[in-house]
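Right, one structure below, let's go through it.
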Amino acid sequence: MTLINKMKQLLNLLTFNTYCRQSIFLMVQMCYNKKRNKKQEVRFIYEEKRA
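Each residue of the sequence shown is one higher than the one before, starting from 1 at the first, in the UniProt record's numbering.
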């Protein structure tokens with residue numbers, strides 16, 4: 001295996017890893033936002049009942 005091929009493989013691995021990390025981060029963020037929105041909805045309904 002030549003050095004250039006090795007570098008290419010490394011680069012591919014790196015880009016793949018960053019892509020995976022980004023997608024995982026996005027999924028976590030979406031889940032977190034959904035939970036937060038649910039809490040806000042509950043609070044909104046609770047305050048509407050109190051008013």
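Every residue gets a Cβ at the ideal spot worked out from N, C-alpha and C, and that includes glycine.
Straight-line Cα distance separating residue j from residue i
i	j	result
K49	K39	16 angstroms
T15	F44	43 angstroms
residue 56	T18	The shown model of the chain, from 1 to 51, leaves out residue 56, and the question about it has no answer.
K6	M30	36 angstroms
C20	N12	12 angstroms
S23	V42	29 angstroms
K8	F25	26 angstroms
R36	L10	39 angstroms
Per-residue DSSP class, three states only, for residue i
i	result
T2	coil
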